[in-house]
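Single-structure report; data block below.
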Amino acid sequence: MHIKRLLTPKQVAELDGVAMTAVYRRLALGEYDGVKDGLRTKITEESVLRRREGLPKAKYNVRKGIRGIHPKAAAAMNP
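Printed below as a string of structure tokens:
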């Protein structure tokens, strides 16, 4: 038997760094798996991890020139 860890919406909001409304919106969209424990809503830790794994990798562009990277830093990047 595998026991799943259940988190409160507040715990999930703190873990993901979002507001409670975002947690409930994600529950409504099915991004998190929620269960009811009496009147309380609990979210499976597995669904939080699954959502994180599905997020796209962040991409960053390096700007050169004025207000971009310093010329010394650019020279260090392209020896």
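Residue numbers for the sequence shown follow the working numbering, beginning at 667 and rising by one.
Every residue gets a Cβ at the ideal spot worked out from N, C-alpha and C, and that includes glycine.
As the structure is a prediction and not an experimental result, all values here were calculated from the model.
When G696, I669, T674 are compared against D703, the one with the closest alpha-carbon: T674
Counting only runs that start and end within the region 687 to 742, where is the alpha helix (DSSP H) found for 4 or more residues in a row? 711 to 719
With distances taken between CB atoms, is the gap from I709 to L693 smaller than 8 Å? Yes. Within cutoff.
Measure how close the beta-carbons of R670 and E712 come, nearest whole angstrom, since I'm counting them as under 8 Å. The amino acid occupying residue 670 in the given sequence is Lys; Arg does not appear at that position. Correct: roughly 6 Å between the Cβ atoms.
Closest to E680 by CA distance: which of V714, N727, Y726 is it? V714
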